[in-house]
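Before any comments, here is the structure.
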Amino acid sequence: MAVYIATGLSVAFLLMLVGLTMRITQAGWISLDPEIFYSLLTLHGAGMVVSLLLCGMGGIWYLVRREVDMDIRLAWWAFGLIVAGVAMVIAATVVGKFGAAWTFLYPLPFYNPTWPNWSIGSFLIGIMVITAGWTVWSLQILKAVIRRSGSLRDALGWDMVFHAKQFKAAGREPLPAQMLPAIVISVDGMVMSAGGMVIGVALIVHWINPAIPLDTIWAKNLTYFFGHSIANFIIYMLLAFVYVGLPRYTNRKWNTNAVFVVAWWGTMIFVLTAYFHHMYLDYAQPLILQYSGQVFSYMSAVPVSVVTVYGGLMLIWRAKVRWSVGSIFMYAGMAGWIIGGAGALLDASVPFNVHLHNTLWVPGHFHNYLLGSCLYFALGWVFLQAEERHHQRSSPAMRWLIGVMVFGGTALFLTGFYVSGAEGVPRRYMVQPDPGQGLSALASVGAIVLLGGLLVCLYEGARLWRNQSQDGLAGLVNAGSADGAGSANGSPVSTLEAP
Amino acid sequence: MNTQGLVLVTFAIIAMAIVALFVVVALTSRGPTQRLDEVSTKGYALRRWWFAILSTTLILAFLIMIPFYPYGRSKSSANENAIHYNIIARQYLFEGLPPQIPVDTPIIFEVYAADVNHGFAIYNPDNQLIGQVQAMPSYRNELVMTFTEVGQYSVRCLEFCGIGHHLMGGSFTVGEGND
Amino acid sequence: MNSSTVSRSTASRRSASRRHTYIILVVGLLFVLQGVFLVGLPPPETSIHDHHIEHLFYMVGGALWGVGLAQLLLGDKDQMPRDETGRPRIGHSAWLIAAILAPAAVMFLMWPSMYEYIEARPWIHAWVHLWYVILSVVTTFAGYMFSKSAGWVLSAVVGVMAWAAAFGFGVENRHVHLPTPEAAPMVNGQVDGAAVYQNCASCHQPNGEGLPGSFPPLAGHLSDLLGHEGGANYVANVLVYGLQGSIEVNGDSYNGVMPSWGHLSDAELAAVVDYVVTSWGGDTPAGKASLSAAQIEEVRGQNRSADDVHRLREKLG
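First to last, the protein sequences are chains C, V and E.
For what it's worth, the numbering used here labels the leading residue of the first sequence as 626, then goes sequentially.
For what it's worth, the numbering used here labels the leading residue of the second sequence as 1497, then goes sequentially.
For what it's worth, the numbering used here labels the leading residue of the third sequence as 276, then goes sequentially.
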């Protein structure tokens, strides 16, 4: 787990610098060749998704392994495949200046390319290799979760919902909360891999023999099915950290009951079927799919807000909460998720989409999710580990510093996106029409503050990990850890053990 | 205020409400503590209300929006006498963009793409995005619009189409009188 | 360890699961037979798309066989093997390799450039179909050997993949053609260069002054270029293949992207060059070709990239 998360977070941090480079170009503070800008755009997109995916994969792997024996070699294989794929993507974009955006929408990678032919293959094969690594992971998790419960039916909690009385009478234990993301994502993950494999092979065939035609709208459907699903998996996987972590901070159990299970069944379906919202403005798409796009997108908001986030709020309400950087991040991540969700729902409404499609609103809402929720969940978990290691937590002053810099920076950064989007500034533009440039400057400032805050996190996290005390604040730290030091059962030990 | 302005304001209000909610709930942790089972009983009861409100809002919103969907407009009788323009999007310009378009007349843009995916997006004289449609190779998409404001409109490509994407655009004037 | 809620005697459970296995095998057989007899080999009238749908039957049939075979092999071993501490133990991970590679292999077996070859050789076609079945069997068998439910999930996955592939492999479904290009605009029996220039105006501006930083001015500059040694050839290349990369014009640098205009006719390209050169401070009297259509035709067919054209400019000096 540690290897997955460490790699994921480090790559993510580097890619944030790439993102900042793009933002300051758009702000007009520096100037870049369009080839370079767009290849960085491609790298940032693909790389961020994969790096946060790694964090989620590592987390789920670790949490499932606490319950079921799993072959660690498969975890290394999955990791190795993903790293190899990432290397190919980096080679394609940095060396080859492949710049078709991470959505590699057919026929753009192939038409009149301003990048060398080998880079197309490198990118596409890299994505395929990453998908293969993901599939290995999915299958392993699927199997482990089923082994733990005995059957697919039990792993999905069928009897808990439909035969509740017999379930209780037989004295059976309800599923732990983190098992639901594990089973849902491993099943959905394989369906996504199937789609990814079909489009991947089709594109590679076209790369090798450009005379082979592909249907453009078919390609777009499969591409977005793949892309939408993989991005959504990230947040649902990282959620498992909150399911396990927040109870530790509040000394309350996360209740899993029939409603909880049904909510996850909903997610299992909606994650895969909401992708139609990427095709609203392709009028050639069958009409029924456009309607269902909005319906499923709306429905996907329900499990999140009614069950998961509400449950999180209930955990905090009038509880003795051990507030620390870890718990603050986990809590803020849930807020970020709902806020991003509001932005998403608005964009997923067809009449609004006409005005927001492909404007900066789109990166606004997904940075809201990835930065303001996924990253926070991952950081929350890392800090939980660091804090529990020596039963320490950060001083209030440090918590305020991190909070203001990270949350303030994020808010400023996101505002840049959302307001630009509402003003119709298009996305993926190196040079933006008014008022894009000014807002990009604002966003860049926000990003710099955020990155500064993350560096402070790095410093503070390392300090907690190594149990170094701070002069003058040592007293506060000791006072902080004396009360409400959370349960340490099952807490993981050092990084050197099983990942 | 235009549609997207309304959307932005709605979003801002929701965002601030969420932050407020989370802060309030977090502050309760400083106060008297309750046992989880006590919290759950009231919490679950409240949740049923929240579920009902959310679902109703979403269903109503969806139903209200359906008449505003942009699909199939070219077939409606109101647009029978629309003026048709063939627009071919290619790297990096829009061919067939008419220099002048009459005001208050139904217009149908038939949008094609010659090479890769593009996006045909129209901005009014106040630089607000008022309509857009994708341009996909081998397919034809129709954008039906009636311009009520006179002035200079701009067109931008909104689907990433290569390193000249940000340079791709055009403009037309909407004026009185017939074309 | 949670067992199934209903408890039955071991023997009756064994025969019930045996029955299930046989049902699976028979259904699989029906699918494959459906593929063989209803499809056979494609008559010319069957579209590629419909034929690929029929591949679906082979693959789903094969997938069901894979699950059935695995069930037969595992026999009554539905008691999970456990380790010393009582935790469930997993099966051999190497099955995953087969489970992942086999579907990818099927996709590659559908390689479209082989279609003509295969259609002309029915027995090879039948052989390929057999391989679809075999690989589907391998996929789900391997999945089942790894974890029972993985076999079922993979069956569904194989079916979905076959169906998805049918819609796009080697087919362009609804090919809408671009509206017929209008004939080159004419004036006085000659191609109207000013009308062709409408294509250029959005970047180079209606008066040829360009856009600072992005698009160089044409006014005056184009005739300069034509005056250079090799300039005419260079300009022809720019028009036919496009240009990208940073360039310097009159001391200012420009870093835009010019797409290729090869889809316009030689006459149109020659006319627009003539128009630009004579309109804004040129020194070629109107009517005398500054760049002939023949010169433009010469540079076609060389498959240059916009980058290559940039290098040509550097050679101009």
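Cβ atoms here follow ideal geometry from the backbone N, Cα and C, with glycine treated the same way.
Remember, it's a predicted structure, so these values are computed and weren't measured experimentally.
| If E/N482 and E/A494 are in contact, beta carbons under 8 Å, what's the gap, nearest whole angstrom? | On the third sequence, position 207 is the one that residue 482 of chain E refers to. On the third sequence, position 219 is the one that residue 494 of chain E refers to. The Cβ separation is near 7 Å, so the contact holds.
| C-beta contact flag for C/L1079 and C/V1031 at 8 Å | Start at 1 with the first residue of the first sequence, and residue 1079 of chain C comes out as number 454. Start at 1 with the first residue of the first sequence, and residue 1031 of chain C comes out as number 406. Taking 8 Å as the cut-off, the beta carbon of C/L1079 is found closer than this to the beta carbon of C/V1031.
Chain-ordered chain E contacts of C/N815 [CB-CB under 7 Å]: As a working note, residue 815 of chain C is residue 190 in the first sequence. Note that residue 815 of chain C corresponds to Met in the displayed sequence, not to Asn. Near C/M815 (Cβ distances below 7 Å), the residues of chain E are V428 and V432.
Quick check on V/G1660 - is its C-beta less than 8 Å from some C-beta in chain E? Translated into the one-based positions of the second sequence, residue 1660 of chain V becomes position 164. It does; some Cβ of chain E falls within 8 Å.
- [ ] Quick one: measure Cβ to Cβ for E/I409 and E/G303, integer angstroms, because I've assumed they're closer than 8 Å.
- [x] For the purposes of this step, residue 409 of chain E is taken as residue 134 along the third sequence, with counting starting at 1. For the purposes of this step, residue 303 of chain E is taken as residue 28 along the third sequence, with counting starting at 1. By a beta-carbon distance limit of 8 Å, E/I409 does not contact E/G303. Their separation comes to about 13 Å.
> Which residues, taken in chain order from the segment 1555-1586 of chain V, show a beta carbon closer than 8 Å to some beta carbon of chain E?
Replying inline: Only those residues of the segment 1555-1586 of chain V whose C-beta falls short of 8 Å from the nearest C-beta of chain E are listed: N1582, I1584 and R1586.
Local conformation of V/E1465 per DSSP, three classes = Since the first and last residues shown for chain V are 1497 and 1675, residue 1465 of chain V lies out of range.
message: Which residue wins for smallest C-alpha separation from C/G684, given the options C/F1002, C/S952 and C/T892?
response: For this step, residue 684 of chain C is matched to residue 59 along the first sequence. Looking at the Cα atoms, C/F1002 is the closest of the given residues.
Do you know how far the Cα of E/M385 is from the Cα of E/L405? As a first step, residue 405 of chain E must be located in the third sequence, where it is residue number 130. As a first step, residue 385 of chain E must be located in the third sequence, where it is residue number 110. If I take the Cα positions, the gap works out to 13 Å.
Margin query: Here's a check: name, in chain order, each residue in its chain whose Cβ is nearer than 6 Å to the Cβ of E/G562, leaving out the five neighbours to either side.
Written below: Start at 1 with the first residue of the third sequence, and residue 562 of chain E comes out as number 287. Per-residue confidence for E/G562 stands at a pLDDT of 48, beneath the threshold of 50, marking its modelled position as unreliable; the derived number appears in the next sentence. Closer than 6 Å at the Cβ level, and outside the excluded window around E/G562, lies no residue.
Within 8 Å, strictly: CB atoms of C/M904 and C/F851
On the first sequence, position 279 is the one that residue 904 of chain C refers to. On the first sequence, position 226 is the one that residue 851 of chain C refers to. No, they are not a contact pair.
How far does the beta strand (DSSP E) with E/I372 in it extend, from its first residue to its last?
Within the third sequence, the letter at position 97 stands for residue 372 of chain E. First-last for E/I372: W370 to L384, but that is the alpha helix (DSSP H), not the beta strand (DSSP E).
Have a look at C/L914, C/P976 and C/G951 and flag the residue whose alpha-carbon is nearest the alpha-carbon of C/Y874. Counted from its first residue, the first sequence places residue 874 of chain C at position 249. Residue C/G951 holds the alpha-carbon nearest to the alpha-carbon of C/Y874 among C/L914, C/P976 and C/G951.
Check this for me: beta carbons of C/H669 and C/V643, under 8 Å apart or not? Working through the first sequence from its first residue, we reach residue 669 of chain C at position 44. Working through the first sequence from its first residue, we reach residue 643 of chain C at position 18. Against a cut-off of 8 Å, the Cβ pair of C/V643 and C/H669 comes out as a contact.
Original post:
Which word fits C/R691, buried or exposed, when buried means at least 16 other C-beta atoms lie within 10 angstroms of its C-beta?
Top reply: Here residue 691 of chain C refers to the residue found at position 66 when the first sequence is read from its first residue. Exposed: under 16 other Cβ atoms inside 10 Å.
C/P911 and V/Y1565 - do their beta-carbons sit closer together than 8 Å?
Here residue 1565 of chain V refers to the residue found at position 69 of the second sequence. Here residue 911 of chain C refers to the residue found at position 286 of the first sequence. The answer is no: Cβ separation not under 8 Å.
- How big is the Cα-Cα spacing for E/L376 and C/D784? Stepping through the third sequence from its first residue, residue 376 of chain E is reached at position 101. Stepping through the first sequence from its first residue, residue 784 of chain C is reached at position 159. Taking the straight line from one Cα to the other gives about 35 Å.
When burial is assigned at 16 or more other CB atoms within 10 Å of the CB, is C/Q915 buried or exposed? Here residue 915 of chain C refers to the residue found at position 290 of the first sequence. Result: buried.
How big is the Cα-Cα spacing for C/A637 and C/G814? Working through the first sequence from its first residue, we reach residue 637 of chain C at position 12. Working through the first sequence from its first residue, we reach residue 814 of chain C at position 189. Put simply, the backbone Cα of C/A637 is about 22 Å away from that of C/G814.
query: List, in order along the chain, the chain C residues whose C-beta lies closer than 7 Å to that of V/Q1630?
result: Locating residue 1630 of chain V in the second sequence gives position 134, counting from the first residue. Those are L906 and D907, listed as they occur along chain C.
For V/R1636, which residues in chain E fall below 8 Å Cβ to Cβ?
Reading the second sequence from its first residue, position 140 is the one you call residue 1636 of chain V. By Cβ distance, chain E contributes V451.
Can you check DSSP and say which residues form a bridge with E/E523?
-> On the third sequence, residue 523 of chain E is found 248 positions in, with the first residue counted as 1. Here E/E523 is bridged, per DSSP, to E/S528.
### Message
Cutting at 7 Å between CB atoms, please list the residues of its own chain near E/Q309, excluding the five before and the five after it.
### Response
Walking along the third sequence from the start, residue 309 of chain E turns up at place 34. Result list for E/Q309: F332, in chain order.
For this session: Pull up the distance between the alpha-carbon of C/V1056 and that of C/A1047, whole angstroms please.
Result: Taking the first sequence and counting its residues from 1, the one referred to as residue 1056 of chain C is at position 431. Taking the first sequence and counting its residues from 1, the one referred to as residue 1047 of chain C is at position 422. If I take the Cα positions, the gap works out to 17 Å.
field: Beta-carbon proximity list for C/S1045, same chain, < 6 Å, skipping 5 on both sides
entry: The sequence position of residue 1045 of chain C within the first sequence is 420, counting from 1. These residues qualify, in order along the chain: L985, G1061 and L1064.
| field | Between the CA atoms of C/V1029 and C/S949 - distance to the nearest angstrom | value | The count along the first sequence starts at 1 and reaches residue 949 of chain C at position 324. The count along the first sequence starts at 1 and reaches residue 1029 of chain C at position 404. Near 14 Å, if we compare the C-alpha coordinates of C/V1029 and C/S949.
For this session: Would you list the one or two residues that DSSP bridges to C/F631?
Result: Taking the first sequence and counting its residues from 1, one reaches residue 631 of chain C at position 6. The question names Phe, but residue 631 of chain C in the sequence shown is Ala. Checking the DSSP bridge columns, you'll see C/A631 has no partner listed.
Worksheet item: From what residue to what residue does the beta strand (DSSP E) around V/E1606 run?
Response: By one-based count along the second sequence, residue 1606 of chain V stands at place 110. Element bounds for V/E1606: P1602 to A1609.
task = Please name the residue or residues paired with V/C1653 in a DSSP beta bridge.
result = To locate residue 1653 of chain V, count along the second sequence from 1; it is residue 157. DSSP links V/C1653 through a beta bridge to V/F1616.
- When the distance is taken between beta carbons, is C/I810 closer than 8 Å to C/C999? Translated into the one-based positions of the first sequence, residue 999 of chain C becomes position 374. Translated into the one-based positions of the first sequence, residue 810 of chain C becomes position 185. If you check the CB distance, C/C999 and C/I810 do not come in under 8 Å.
Exercise. Is there at least one Cβ from chain E nearer than 8 Å to V/L1589's Cβ?
Worked result: As a first step, residue 1589 of chain V is located in the second sequence; it is residue number 93 there, counting from the start. Yes, because at least one Cβ of chain E sits closer than 8 Å to the Cβ of V/L1589.
Notebook entry, point to check: Once you ignore the five residues that flank C/G782 on each side, which residues in its own chain have a CB closer than 7 Å to its CB?
Noted result: By 1-based counting over the first sequence, the position of residue 782 of chain C is 157. Cβ neighbours of C/G782 beyond the five flanking positions: L800 and V886.
Strictly below 9 Å CB to CB, what residues from chain V border C/H980? In the first sequence, counting from the first residue as 1, residue 980 of chain C sits at position 355. N1498, T1499, Q1500, V1503, Q1624, L1625, I1626, G1627 and Q1628, listed in chain order.
Identity of the residue in C/S974, C/V931 and C/N983 nearest C/W962 by Cα: Counted from its first residue, the first sequence places residue 962 of chain C at position 337. Out of C/S974, C/V931 and C/N983, C/V931 has the C-alpha closest to the C-alpha of C/W962.
Chain-ordered neighbours of V/Y1678 on chain E, where CB pairs are closer than 9 Å = What the structure shows of chain V is the stretch from 1497 to 1675, and residue 1678 of chain V is not part of that stretch, so it cannot be assessed.
| query | So does the segment 865-874 of chain C actually touch the segment 888-902 of chain C, counting three or more Cβ pairs closer than 8 Å? | reply | They do not touch, by the three-pair rule.
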